[in-house]
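Q: Following this message is one structure expressed as structure tokens.
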Amino acid sequence: MEAAGKEEISVEDEAVDKNIFKDCSKIAFYRRQKQQLSTKSTYQALLDSATKGKDSTKFQILNEATKVPLLAEVYGIEGNIFRLKINEETPLKPRYEVPDVVTSKPRTVRLISSSGDAGSLVLADGKGDLKCHITANPFKVDLMSEEEVVMSINSLGHLYFEHLQVPLKKRATKENKEDTSVDASQENQEDLGLWEEKFGKFVDVKVNGPASIGLDFSLHGFEHLYGIPQHAESHQLKNTGDGDAYRLYNLDVYGYKIHDKMGIYGSVPYLLAHKPGRTLGIFWLNASETLVEINTEPAVKYTLTQMGPVAAKQKVRSRTDVHWMSESGIIDVFLLTGPTPSDVFKQYSYLTGAQAMPPLFSLGYHQCRWNYEDEQDVKAVDAGFDEHDIPYDVMWLDIEHTEGKRYFTWDKKRFPNPKRMQELLRNKKRKLVVISDPHIKIDPDYSVYAEAKEQGFFVRNHEGGDFEGVCWPGLSSYLDFTNPKVREWYSSLFTFSAYQGSTDILYIWNDMNEPSVFRGPELTMQKNAIHHGNWEHRELHNIYGFYQQMATAEGLIQRSKGKERPFVLTRSFFAGSQKYGAVWTGDNTAEWSYLKISIPMLLTLSITGIPFCGADVGGFIGNPEAELLVRWYQAGAYQPFFRGHATMNTKRREPWLFGEEHTRLIREAIRQRYTLLPYWYSLFYRAHVAAEPVMRPLWIEFPEELNTFGVEDEYMLGSALLVHPVTEPKATTVSVFLPGSNEVWYDSKTDAHWEGACTVKIPVTLDTIPVFQRGGSIVPIKTTIGKSTGYMTDSPYGLRVALSTKGSAVGELYLDDGHSFQYLHQKQFLHRKFSFLSGVLTNSCADKRGHHPSKCVVERVFVLGLKKQPSSVTTHSSDGKEEPVVFTYCTTMSTLSLEKLSLNIGADWEVHIK
Ligand code: NOJ
50 MEAAGKEEIS VEDEAVDKNI FKDCSKIAFY RRQKQQLSTK STYQALLDSA
100 TKGKDSTKFQ ILNEATKVPL LAEVYGIEGN IFRLKINEET PLKPRYEVPD
150 VVTSKPRTVR LISSSGDAGS LVLADGKGDL KCHITANPFK VDLMSEEEVV
200 MSINSLGHLY FEHLQVPLKK RATKENKEDT SVDASQENQE DLGLWEEKFG
250 KFVDVKVNGP ASIGLDFSLH GFEHLYGIPQ HAESHQLKNT GDGDAYRLYN
300 LDVYGYKIHD KMGIYGSVPY LLAHKPGRTL GIFWLNASET LVEINTEPAV
350 KYTLTQMGPV AAKQKVRSRT DVHWMSESGI IDVFLLTGPT PSDVFKQYSY
400 LTGAQAMPPL FSLGYHQCRW NYEDEQDVKA VDAGFDEHDI PYDVMWLDIE
450 HTEGKRYFTW DKKRFPNPKR MQELLRNKKR KLVVISDPHI KIDPDYSVYA
500 EAKEQGFFVR NHEGGDFEGV CWPGLSSYLD FTNPKVREWY SSLFTFSAYQ
550 GSTDILYIWN DMNEPSVFRG PELTMQKNAI HHGNWEHREL HNIYGFYQQM
600 ATAEGLIQRS KGKERPFVLT RSFFAGSQKY GAVWTGDNTA EWSYLKISIP
650 MLLTLSITGI PFCGADVGGF IGNPEAELLV RWYQAGAYQP FFRGHATMNT
700 KRREPWLFGE EHTRLIREAI RQRYTLLPYW YSLFYRAHVA AEPVMRPLWI
750 EFPEELNTFG VEDEYMLGSA LLVHPVTEPK ATTVSVFLPG SNEVWYDSKT
800 DAHWEGACTV KIPVTLDTIP VFQRGGSIVP IKTTIGKSTG YMTDSPYGLR
850 VALSTKGSAV GELYLDDGHS FQYLHQKQFL HRKFSFLSGV LTNSCADKRG
900 HHPSKCVVER VFVLGLKKQP SSVTTHSSDG KEEPVVFTYC TTMSTLSLEK
950 LSLNIGADWE VHIK
């Protein structure tokens, strides 16, 4: 392929055409598995041969037609998790098992086996309330909790396993006529893509023939499923019709279509099922192309007279069937048994790791554009924020900052003095993020290329040469991040001496790492490209981007000699990416519908272990009108990763370019973000240590309330704030559902309150961001806002106390230096607990291990829902000192305001309200 000139390269030209991407009918393993299902062949487990090892129980499974033995292994894992692995017993060569995702080896628990009825085996955990009931013929596994079947595996008989085969040609020469398992007739071969799969001009050759796997799971009593990002789809998973499965295949889809199940940038093969009383998780650990079909059979109510009591009880239950299919690898599935949503989050995070604790600055506002042209431009935009009194933390530079898209370099004309530019930002306590993509320009004079070439660090093509594909720089090779040596080397490129012009305020953005290959099949890499260990790309496609972010984060840690927390944004991701940084939803469009879909897309990421996520504010493609831009800032301010971004050829859209009024509204939205920083940071700490999502669908906070299960136009931030972004043009009202019959909710703008379990129509103007504080919560805020988070270290706190129907409230605050690992290694942090009970507000220690001296004081306390005017308010310090406080009580709104307090945030004290 010849090197492409700059003008030829545009993802816009290539990606908008949806024919570039496959639908299910064009995916051969999908067609094969569907065809097979119509000719039902069954598997039988040979339970008599079951053996119990230290960690697992093993037995063979035989397909009655092929007779090729499979080996099944069942593990009990600490924390109420089961793992089922199925592989060929003696594959022709090893099949790919996804490494590096499951954190250290999960601790197994001994399962106690007993044979049930003839032809079955029961494996119970020590406590005995969870059991795997394995039936031999046909092979089936029932997962039981307290004698109730919650999940059945292979009850629909969709277990599917294609065995690796000797290449056809070799077989022919050997005249080996034994293998009759595959029909190799020309016609069938074309249709089923057994050895070769065609897509447009591309031909994918499969050396060992078809290798796909599949299995079904029936979830009894469940109608609500969530997860398996990334799709531009609703939060609750939809039933899939024929040819309409959810696809997990990381692809660069510019301006992706919404309400579509096609795979986009990242994949987490993990879903959650929820019903009142129980949440379950299924984590399908496979990194090859994967399809998921969902089919819900709603509850059918039969009367006792029609069916008799037993049948009635069974029939009344709803059920959802989930059918997973992957192109290759093995079946390796973790069953997370909950029972609560927070148990499932902990179980998943035990396996794949928790959200890395982000540096505080990264929770501020980020300003990006493809591209900020030069140093002057950066200076002017930076100054613009100060002129307009808008806080921001991070300036971003896209691909044009480099010398011809050679990452780790600077365009000398545009950015002659990158250090000087970073000093300018540093002086304002701000940071810089620059982009670093996985493709490396083929240019022997480019040291990154030359070194990687010499060391054999690129992905190879199937002929053994370096894989070459076109991306931004023209013809490029792609670093093989699956190789630990490549990762180590890549990490070393971020040291200050190697990365000329970089300083310690420079952080990284990994883009195009699906990987995006402009002229490749579906804009990605050929499946038969070869990675470290001789694995084909098909085996690990979905994990490629994960590894780049891993190596980048590690590089940033190493350049600081292990002291500083990294910040790395990635476009492509996999299960476990949360350990390395943040994720965003790629190339969205400046339309209302994309603003709206950002909410379910982010909720789905949040509950599948990736809480640090966001969508480009304003919409990447196109030009948002002022109203849309304002609404997007208002929504983004209440979403975890908050970055404005726009593509090339769009009009400039810095916050002050839309007239004074709109500037004011955007300023106000961003300031609200900074006001709530202590709350955000505390939520991220909870995500980090306890796997609690930051942005939460309502069903997580109200797991017993059916009417929350489908809500996706509003959500909770932590457990205290309910946010309902305005996503319609010219809105004058918004219908907000306030859940919980025993709850009371306070409007953050007007202080008005409502009892829960109702939908209220809230009048809105362009300056309204509908946010409600839940009665019973205390939210820490900052009362003064600086130019950036760095200016706010010492600024005072406020506490917003929203009383429950019983007149009480609780909350917490986590605080540390905001950037280092000292919180972890030296326990340099403060974790405070606030409670309000019987008129006494208490600040006490939530974690005695932590110590972090802080000069900060709580300056203001605002109490919502205080029914009676107090006669006195006094503060009480731990040394017995008591002081009166001047207060303002508002009878109409039942609010109490205490100002000019000076109560140290880290000290124990009380405020008595009598
Ligand atoms: C694609 C990314 O999604 C977008 O955010 C970025 O601006 C362009 N690549 C150019 O780097």
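Heads up: the sequence shown runs through residues 50 to 963, numbered per the numbering used here.
Note that the Cβ used here is the ideal one computed from N, Cα and C, for glycine as well.
1. For I448, verify whether its CB is less than 6 Å away from any heavy atom of ligand 1.
2. Just how far apart, CA to CA, sit T451 and T891?
3. So within the stretch 830-898, which uninterrupted alpha helix (DSSP H) runs reach at least 4 residues, ignoring any that extend past its ends?
4. Can you check DSSP and say which residues form a bridge with L384?
5. Let me know the secondary structure DSSP gives A785 once reduced to three states.
6. Check this for me: beta carbons of K468 and G413, under 7 Å apart or not?
7. Would you list the residues sitting across from I126 in a DSSP beta bridge?
8. Inspect the CB distances between the stretch 763-771 and the stretch 809-823 and report whether three or more fall short of 8 Å.
9. So the alpha helix (DSSP H) W641 belongs to, where does it begin and stop?
10. Once DSSP output is grouped into helix, strand and coil, what is the label at I627?
11. Is R735 buried or exposed, if buried means 16 or more other CB atoms sit within 10 Å of its CB?
12. Examine ligand 1 and report whether any of its heavy atoms sits within less than 6 Å of the Cβ of G315.
13. Does the beta carbon of W419 fall short of 6 Å from some heavy atom of ligand 1?
14. Look at D447 and N476 and say whether their C-beta atoms are less than 7 Å apart.
15. Return the chain-ordered list of same chain residues with a C-beta closer than 7 Å to the C-beta of G914, the five sequence neighbours on each side being excluded.
16. Hey, A294 and L340 are a contact pair by Cβ (cut 8 Å); roughly how many whole angstroms apart?
17. Taking 6 Å as the cut-off, is the C-beta of G825 nearer than that to any heavy atom in ligand 1?
18. Let me check you understand the geometry: is the CB of D560 closer than 6 Å to at least one non-hydrogen atom of ligand 1?
19. Taking all protein chains shown into account, decide if Q285 is buried (16 or more other Cβ within 10 angstroms of its Cβ) or exposed.
20. Note down the Cα distance separating G929 from H868, rounded to an integer number of angstroms.
21. Compare the beta carbon distance of H437 and W705 with 7 Å and say whether it is the shorter of the two.
22. Could you tell me the distance, in whole angstroms, from the CA atom of S946 to the CA atom of A956?
23. Please confirm if the stretch 190-199 is in contact with the stretch 248-260, defined as three or more CB-CB distances below 8 Å between the two stretches.
24. Following the continuous alpha helix (DSSP H) through Y728, name the residue where it begins and the one where it ends.
25. For V906, which option in I954, V912, N591 has the closest C-alpha, if you only look at C-alpha atoms?
26. According to the neighbour-count rule (16 or more other Cβ atoms, all chains shown, within 10 Å of its Cβ), is M697 buried or exposed?
27. With a threshold of 6 Å (Cβ to nearest heavy atom), would G312 be considered close to ligand 1?
28. Given a cut-off of 7 Å, decide if I439 and R716 are closer than it, judged by their beta-carbon atoms.
29. Between the C-alpha atoms of T634 and Y303, what's the straight-line distance to the nearest angstrom?
30. Give the secondary structure of K916 by DSSP, where H, G and I count as helix, E and B as strand, and everything else as coil.
31. Under three-state DSSP, which class holds H590?
32. Would T386 pass as a contact of L170 if the rule is Cβ separation under 7 Å?
33. My output table needs one value for M599: the three-state DSSP class, helix, strand or coil.
34. Just the Cα atoms here: how many angstroms apart are E750 and H273?
35. Among R608, F410, G168, I262, whose alpha-carbon lies nearest the alpha-carbon of N136?
A: In short:
1. Residue mapping note: residue 448 aligns to position 399 of the sequence shown, counting from 1. True, at least one ligand heavy atom lies under 6 Å from that Cβ.
2. Working through the sequence shown from its first residue, we reach residue 451 at position 402. Working through the sequence shown from its first residue, we reach residue 891 at position 842. Cα to Cα, the separation comes out at about 53 Å.
3. 871-874
4. To locate residue 384, count along the sequence shown from 1; it is residue 335. Answer by DSSP bridge pairing, in chain order: F131, I331.
5. Locating residue 785 in the sequence shown gives position 736, counting from the first residue. Before going further, note that residue 785 is Val rather than Ala in the sequence given. Looking at V785 - three-state DSSP - the assignment turns out to be strand.
6. To locate residue 468, count along the sequence shown from 1; it is residue 419. To locate residue 413, count along the sequence shown from 1; it is residue 364. Contact flag unset, no.
7. The residue you call residue 126 lines up with position 77 of the sequence shown. DSSP, once it has assigned bridges, lists I130, T157 as partnering I126.
8. yes
9. Within the sequence shown, residue 641 is the residue found at index 592, counting from 1. Residues 641-656.
10. Counting from one through the sequence shown, the residue named residue 627 turns up at place 578. Note that residue 627 is Gln in the sequence shown here, rather than Ile. The answer is helix: DSSP assigns Q627 an H, G or I state.
11. Indexing the sequence shown from 1 puts residue 735 at position 686. Buried: at least 16 other Cβ atoms inside 10 Å.
12. Your numbering for residue 315 matches position 266 in the sequence shown. Checking every heavy atom of ligand 1 against the Cβ of G315, none is found closer than 6 Å.
13. Taking the sequence shown and counting its residues from 1, the one referred to as residue 419 is at position 370. Within the cutoff, so yes.
14. Translated into positions along the sequence shown, residue 447 becomes position 398. Translated into positions along the sequence shown, residue 476 becomes position 427. No.
15. For the purposes of this step, residue 914 is identified with residue 865 of the sequence shown, where counting begins at 1. So the qualifying residues of the chain are V793, Y795, H802, G824, A851, L852, S943.
16. Here residue 294 corresponds to residue number 245 of the sequence shown, with the count starting at 1. Here residue 340 corresponds to residue number 291 of the sequence shown, with the count starting at 1. Indeed they touch by this definition, with Cβ atoms about 4 Å apart.
17. Residue mapping note: residue 825 aligns to position 776 of the sequence shown, counting from 1. No.
18. Mapped onto the sequence shown, residue 560 falls at position 511. The answer is yes for D560.
19. Here residue 285 is taken as the residue at index 236 of the sequence shown, counted from 1. Under this definition Q285 is a buried residue.
20. Within the sequence shown, the letter at position 880 stands for residue 929. Within the sequence shown, the letter at position 819 stands for residue 868. Rounded to the nearest angstrom, the two C-alpha atoms are 36 Å apart.
21. Here residue 437 refers to the residue found at position 388 when the sequence shown is read from its first residue. Here residue 705 refers to the residue found at position 656 when the sequence shown is read from its first residue. Going by C-beta atoms, H437 is nearer than 7 Å to W705.
22. For the purposes of this step, residue 946 is taken as the residue at position 897 of the sequence shown. For the purposes of this step, residue 956 is taken as the residue at position 907 of the sequence shown. Computed Cα separation, rounded: 21 Å.
23. no
24. The residue labelled residue 728 in the question sits at position 679 within the sequence shown. It spans 726-739 - the alpha helix (DSSP H) in which Y728 sits, taken as one unbroken run.
25. Locating residue 906 in the sequence shown gives position 857, where the first residue counts as 1. The shortest Cα separation from V906 among I954, V912, N591 belongs to I954.
26. Taking the sequence shown and counting its residues from 1, one reaches residue 697 at position 648. Result: exposed.
27. Numbered from 1 along the sequence shown, position 263 holds the residue referred to as residue 312. Incorrect: G312 has no Cβ contact closer than 6 Å to ligand 1.
28. Translated into the one-based positions of the sequence shown, residue 716 becomes position 667. Translated into the one-based positions of the sequence shown, residue 439 becomes position 390. For R716 and I439, yes; Cβs fall inside 7 Å.
29. Your numbering for residue 634 matches position 585 in the sequence shown. Your numbering for residue 303 matches position 254 in the sequence shown. Between T634 and Y303, the C-alpha separation is close to 11 Å.
30. The residue labelled residue 916 in the question sits at position 867 within the sequence shown. Looking at K916 - three-state DSSP - the assignment turns out to be coil, as it is neither helix nor strand.
31. Locating residue 590 in the sequence shown gives position 541, where the first residue counts as 1. Here H590 sits in helix by DSSP.
32. Position 337 of the sequence shown, counted from the first residue, corresponds to residue 386. Position 121 of the sequence shown, counted from the first residue, corresponds to residue 170. No, these two residues do not count as a Cβ contact at 7 Å.
33. In the sequence shown, residue 599 corresponds to position 550, counting from 1. It is helical.
34. For the purposes of this step, residue 750 is taken as the residue at position 701 of the sequence shown. For the purposes of this step, residue 273 is taken as the residue at position 224 of the sequence shown. C-alpha separation (whole angstroms): 15 Å.
35. Here residue 136 refers to the residue found at position 87 when the sequence shown is read from its first residue. Cα-wise, what sits closest to N136 is I262.
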